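Contents: one structure, followed by commentary.
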Amino acid sequence: MARKTMSGPATDPELLILSSLAGGPKHGYAIMQDVAVFAGIELGPGTLYTAIARLIEEEWIEPLEASGRQRPYRITPSGLGRLHMQLETMPRLANFALRRLRTL
Amino acid sequence: MTLRDLLVRAYPKSWRDEFGPELADILAHRELTPGVIADVLASSVRQHLRRDPWKICALVFAFWTAVVLIALLQGLVTFNEFMRCYFAGQLFLVAAGAWTILRKNSGIWKATTAAVKAALLPLAMCTGVLCLSIHRIALQDRFLHYWAPSSREIHWHTIYWKGVALLILETLVFCLAGASIGHLIGHFRRLGTR
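Residue numbers (the working numbering), protein chains in the order written: chain E, 63 to 166; chain X, 1395 to 1588.
Now the structure itself:
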């Protein structure tokens, strides 16, 4: 569950986590805080770890050595590629949808 | 045991071993609102279904069995029709075995065990109804034509044990069949990628 405190086009938890980790390795709690700041979206703990588990499975992020109970995660080169591809698609999609809206 | 511990324990063990301490740490620093609880519970269900695909088959098969059992008890279907529906439902066990092998790359026996787990609840439901049938005259009449069409001389306890043994045996056959199909598909896939 990604709860929106403000509206925005990108609410996919996996995209948000990849975007957060693009700024450097972070543990789960830091990712949640970072996402809340840059996207205004409050990720639920279950949503966060469901997405993290899937991202690890896809090898788009990897866990680092644990510090205490929290384990930091780092984005992998294939994760960076994935993020790049998704972010490039978004403006194209937005432009296309905007063109259609203007014709209404 | 606190609610936070229970929420973490709602996840499958393999998931808990990997992410449990981190989730527990985050939950310890958050207020447990209904939204957070619902989020964690929904996520735990997703992880159960994702990590153990047999659980999806188990849920669908149990639901299917419950529907046909209710139909039988309400007299909407005959016992023969019920048995046909139940056997058709066992294709979910084949799916459970095959899916476990293909998703988790496990061996035949592990996949068969997973399919057997998927069969337990429906099997228990059918056994319960068979057990009930010993004491219900109306149900005895309904089962009579299936088990002993030519005779009114019926020893119900023998029928009960025969019925349960038959159900368990054919359930095992379906489970093993599913695992073997999954194994074969996996084998041909590997050959194809070489």
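We put the CB at the ideal spot given by N, CA and C, even for glycine. Keep in mind the model is a prediction, meaning the values are calculated, not measured.
Counting other Cβ atoms within 10 Å of its Cβ, X/A1492 reaches 16 or more and is therefore classed as buried. In the same chain as X/R1424, and ignoring 5 residues on each side of it, the C-beta atoms closer than 8 Å to its own belong to V1430, in chain order. With a 10 Å radius around the Cβ and a threshold of 16 neighbouring Cβ atoms, E/P139 comes out exposed. By the neighbour-count criterion, in which a residue is buried when 16 or more other Cβ atoms sit within 10 angstroms of its Cβ, X/F1481 is exposed.
For X/G1557, the closest C-alpha among the options X/M1395, X/C1525, X/L1467, X/S1438 is that of X/C1525. Leaving aside the five residues that flank E/L83 on each side, the residues in its chain whose CB is nearer than 8 Å to its CB run, in chain order, I93, I123, Y135, R136, I137, G141. According to the DSSP secondary-structure assignment, E/S129 is paired through a beta bridge with E/Q132. Cβ proximity to chain E below 8 Å picks out E1416, L1417, A1418, D1419, I1420, L1421, H1423, R1424, G1429, V1430, A1432, D1433, V1434, L1435, A1436 from the segment 1416-1436 of chain X.
Within 7 Å of the CB of X/Q1484, no CB atom of chain E is found; the nearest one sits about 31 Å away. Inter-residue distance for X/G1580 and X/A1505 is about 13 Å (C-alpha atoms, whole angstroms).
Within the segment 115-127 of chain E, those residues whose Cβ lies closer than 7 Å to any Cβ of chain X are, in chain order, A115. Chain-ordered, the chain E residues with CB closer than 9 Å to the CB of X/R1440 read G108, T112. Annotation: X/A1489 to X/L1570 spans about 11 Å, alpha carbon to alpha carbon. X/L1566 is positioned such that its CB atom lies no closer than 7 Å to that of X/C1520. With the criterion set as a beta carbon lying under 7 Å from some beta carbon of chain X, the segment 140-158 of chain E has no members that meet it.
Counted as a single uninterrupted DSSP element, the alpha helix (DSSP H) harbouring X/L1485 occupies residues 1485-1498.
Per DSSP, the beta-bridge partners of E/K88 are E/Y135. Between the segment 1464-1476 of chain X and the segment 1494-1513 of chain X there are fewer than three inter-stretch CB-CB distances shorter than 8 Å, so the stretches are not counted as touching. In the three-state scheme derived from DSSP, where H, G and I count as helix and E and B as strand, E/L166 is classed as coil. Interface residue (Cβ-Cβ distance to chain X less than 7 Å): E/G85 is not classified as such.
The beta carbon of X/A1418 lies closer than 8 Å to those of R1398, D1399, V1402 in the same chain, with the five residues before and after it left out.
When DSSP reads this structure, E/I123 sits in a beta bridge with E/I137. Counting along the chain, X/T1459 sits inside the alpha helix (DSSP H) bounded by residues 1448-1467. Its chain contains L1401, A1404 as the residues whose beta carbon lies nearer than 8 Å to that of X/L1435, once the 5 sequence neighbours on both sides are disregarded; these appear in chain order. Legend: CB atoms of the segment 87-100 of chain E lying less than 9 Å from CB atoms of chain X belong to residues H89, G90, Y91, M94. A residue is called buried when at least 16 other Cβ atoms come within 10 angstroms of its Cβ; X/T1396 does not meet this threshold and is exposed. Under the DSSP assignment, X/R1444 falls in the alpha helix (DSSP H) whose first and last residues are 1428-1445. When Cβ pairs closer than 8 Å are counted between the two stretches, the segment 94-101 of chain E is seen not to touch the segment 113-120 of chain E, the count staying below three.
Note on X/W1503: under 16 other CB atoms within 10 angstroms of its CB, so exposed under the neighbour-count rule.
Rounded to whole angstroms, the Cβ separation of X/F1486 and X/A1512 is 7 Å, and the two are in contact under 8 Å.
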